[in-house]
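**Student:**
There are 2 protein chains.
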Amino acid sequence: MMQLDERDRRILKLLQEDCRMSNADLADAVSMSASALWRRVRALEEAGVISRYGARVVPKAMGLKFEALVQVNLTRHAPEHLTEFIRAVETNPHVVECYATTGQADYHLRVLAPDLEAYNQFLEGFLFQLAGVASAQTHVILKTVKRDTPVVP
Amino acid sequence: MMQLDERDRRILKLLQEDCRMSNADLADAVSMSASALWRRVRALEEAGVISRYGARVVPKAMGLKFEALVQVNLTRHAPEHLTEFIRAVETNPHVVECYATTGQADYHLRVLAPDLEAYNQFLEGFLFQLAGVASAQTHVILKTVKRDTPVVP
DNA sequence: ACTGAAATGGCGCGACC
DNA sequence: GGTCGCGCCATTTCAGT
Chain B
1 MMQLDERDRR ILKLLQEDCR MSNADLADAV SMSASALWRR VRALEEAGVI
51 SRYGARVVPK AMGLKFEALV QVNLTRHAPE HLTEFIRAVE TNPHVVECYA
101 TTGQADYHLR VLAPDLEAYN QFLEGFLFQL AGVASAQTHV ILKTVKRDTP
151 VVP
Chain S
154 MMQLDERDRR ILKLLQEDCR MSNADLADAV SMSASALWRR VRALEEAGVI
204 SRYGARVVPK AMGLKFEALV QVNLTRHAPE HLTEFIRAVE TNPHVVECYA
254 TTGQADYHLR VLAPDLEAYN QFLEGFLFQL AGVASAQTHV ILKTVKRDTP
304 VVP
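Chains as they are written, first to last, in our numbering: chain B, 1 to 153; chain S, 154 to 306.
1) Alpha carbon to alpha carbon, how far is residue 218 (chain S) from residue 274 (chain S)?
2) Would you check if the region 193-205 of chain S and the region 258-272 of chain S touch, i.e. whether three or more CB-CB distances between them fall below 8 Å?
3) Between residue 19 (chain B) and the rest of its own chain, which residues show a CB-CB distance below 7 Å, the 5 nearest in sequence each way excluded?
4) Note the first and the last residue of the continuous alpha helix (DSSP H) segment covering residue 125 (chain B).
5) Taking Cβ to Cβ, would you say residue 295 (chain S) is nearer than 8 Å to residue 61 (chain B)?
6) Check distances from the C-beta atoms of the region 252-266 of chain S to those of chain B and list, in chain order, the residues that come in under 9 Å.
7) I need the straight-line Cα distance from residue 85 (chain B) to residue 285 (chain S), nearest angstrom please.
8) Looking at chain S, which residues of the region 11-36 of chain B have a Cβ within less than 7 Å of any of its Cβ atoms?
9) Taking the C-alpha atoms as reference points, what is the distance between residue 9 (chain B) and residue 152 (chain B)?
10) By DSSP, does residue 37 (chain B) sit in helix, in strand, or in coil?
11) Answer with yes or no whether the minimum CB distance from residue 250 (chain S) to chain B is below 8 Å.
12) Assuming residue 134 (chain B) and residue 74 (chain B) form a contact by the criterion Cβ under 8 Å, report the distance between their Cβ atoms to the nearest whole angstrom.
13) Spatial neighbours of residue 283 (chain S) within its chain, please: C-beta separation below 6 Å, excluding the five flanking residues on both sides.
14) Assign residue 16 (chain B) to one of three DSSP states: helix, strand, or coil.
15) How long is the line joining the alpha carbons of residue 110 (chain B) and residue 147 (chain B), rounded to whole angstroms?
16) How big is the Cα-Cα spacing for residue 201 (chain S) and residue 77 (chain B)?
17) DSSP three-state call for residue 146 (chain B): helix, strand or coil?
18) Taking the alpha helix (DSSP H) that residue 64 (chain B) belongs to, which residues open and close that run?
19) Taking the CB atoms as reference points, tell me whether residue 136 (chain B) and residue 123 (chain B) lie closer together than 8 Å.
20) Give the residues from the region 71-92 of chain B that approach chain S closer than 7 Å (Cβ to any Cβ), ordered along the chain.
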């Protein structure tokens, strides 16, 4: 793990907001020479602090107007079903987030679909087909209050 | 809303994976001239299909080793508390996601903190201080199975 | 209207203090 | 960490379809 100073935090903050800004502008913003900055950014990438530079695509603009959080419980008695579940979730394009959690539910998913019908198809045709899945509880997202929030504020 | 063709989808797919790739390389990858591609990307930005170009920062690398999903229920009788809740959540840097949902919980949050102690401080010093909050249920994230998944697969 | 070729000013990236 | 410089690339313009 890498030791980060205040300057690194400023760099990360700015890159989270707009990673397409020019290296030169960023250097200006943090009062550094372009190449010194460039080396820092490189170091942050290589240390795995920055995992990716990705464009955020708005789901609705892609026709994905239905969104839900799903709590999943697995059956207790089948360890081989767990890896199958993980692999299936990782592969399925509807699932955009998945966490193993403490509490009532074993797993929490965020799922995107074009509409309610497609989501039902996701449940019946995919999630409920998985052997390890004991139950699933859907929370339809009514409104996205906050998302894509910078980790470094 | 904009009409997207197959080429747009390929552009978006690639930009989601690496939005720092050069315009020239991207043009090659989708078999277009650099200027035609550049105009398309511009159009996607202006149509709001691409909301941001952001570096993904790994929370753990920033010392944020504790992560939780929190289900919040608000009191039924105070509409003015709702806006206060929303504003507080939007402002608080620990909260990186927030959704209004159907189901047992009114709101779902994803919260980052340095450690369990800091999270307890988040609950006592922030969340439970909000007048509208009736109850909160924490699901500690044990493992991130999937995240930052492209919307366009 | 939409395309791509060309021109240029700026920038990324590396070599070297 | 900064300076310098080469070569490449983003961005605009312009002519062709």
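Note that beta-carbon positions come from the ideal geometry of N, C-alpha and C, so glycine has one too.
**Tutor:** Taking the geometry as given:
1) Counting from one through the second sequence, the residue named residue 218 (chain S) turns up at place 65. Counting from one through the second sequence, the residue named residue 274 (chain S) turns up at place 121. Using only the alpha carbons, I get a separation of about 15 Å.
2) no
3) Here the question's residue 19 (chain B) lines up with position 19 in the first sequence. So the qualifying residues of the chain are 53.
4) What you label residue 125 (chain B) is simply residue 125 of the first sequence in a count that begins at 1. Here the alpha helix (DSSP H) through residue 125 (chain B) covers 116-125.
5) Translated into the one-based positions of the second sequence, residue 295 (chain S) becomes position 142. Translated into the one-based positions of the first sequence, residue 61 (chain B) becomes position 61. Not in contact: residue 295 (chain S) and residue 61 (chain B) (Cβ atoms no closer than 8 Å).
6) 252, 253, 254, 255, 256, 257, 258, 260, 261, 262, 263, 265
7) As a first step, residue 85 (chain B) is located in the first sequence; it is residue number 85 there, counting from the start. As a first step, residue 285 (chain S) is located in the second sequence; it is residue number 132 there, counting from the start. Those two C-alpha atoms are separated by around 38 Å.
8) 12, 15, 16, 17, 18, 19, 20
9) Within the first sequence, the letter at position 9 stands for residue 9 (chain B). Within the first sequence, the letter at position 152 stands for residue 152 (chain B). Roughly 7 Å between the two C-alpha positions.
10) Your numbering for residue 37 (chain B) matches position 37 in the first sequence. Looking at residue 37 (chain B) - three-state DSSP - the assignment turns out to be helix.
11) On the second sequence, position 97 is the one that residue 250 (chain S) refers to. Answer yes: the Cβ-Cβ gap between residue 250 (chain S) and chain B drops below 8 Å somewhere.
12) Along the first sequence, read from residue 1 onward, the residue named residue 134 (chain B) stands at position 134. Along the first sequence, read from residue 1 onward, the residue named residue 74 (chain B) stands at position 74. 6 Å between Cβ atoms; contact.
13) Looking up residue 283 (chain S) in the second sequence gives position 130. These residues qualify, in order along the chain: 238, 241.
14) As a first step, residue 16 (chain B) is located in the first sequence; it is residue number 16 there, counting from the start. The answer is helix: DSSP assigns residue 16 (chain B) an H, G or I state.
15) Here residue 110 (chain B) refers to the residue found at position 110 of the first sequence. Here residue 147 (chain B) refers to the residue found at position 147 of the first sequence. If I take the Cα positions, the gap works out to 12 Å.
16) Taking the second sequence and counting its residues from 1, one reaches residue 201 (chain S) at position 48. Taking the first sequence and counting its residues from 1, one reaches residue 77 (chain B) at position 77. If you take the alpha carbons of residue 201 (chain S) and residue 77 (chain B), they lie about 47 Å apart.
17) To locate residue 146 (chain B), count along the first sequence from 1; it is residue 146. Note: residue 146 (chain B) maps to strand in three-state DSSP.
18) Residue mapping note: residue 64 (chain B) aligns to position 64 of the first sequence, counting from 1. Per DSSP, residue 64 (chain B) belongs to no alpha helix (DSSP H) and is neither H nor E.
19) Position 136 of the first sequence, counted from the first residue, corresponds to residue 136 (chain B). Position 123 of the first sequence, counted from the first residue, corresponds to residue 123 (chain B). Yes, these two residues count as a Cβ contact at 8 Å.
20) 86, 89, 90
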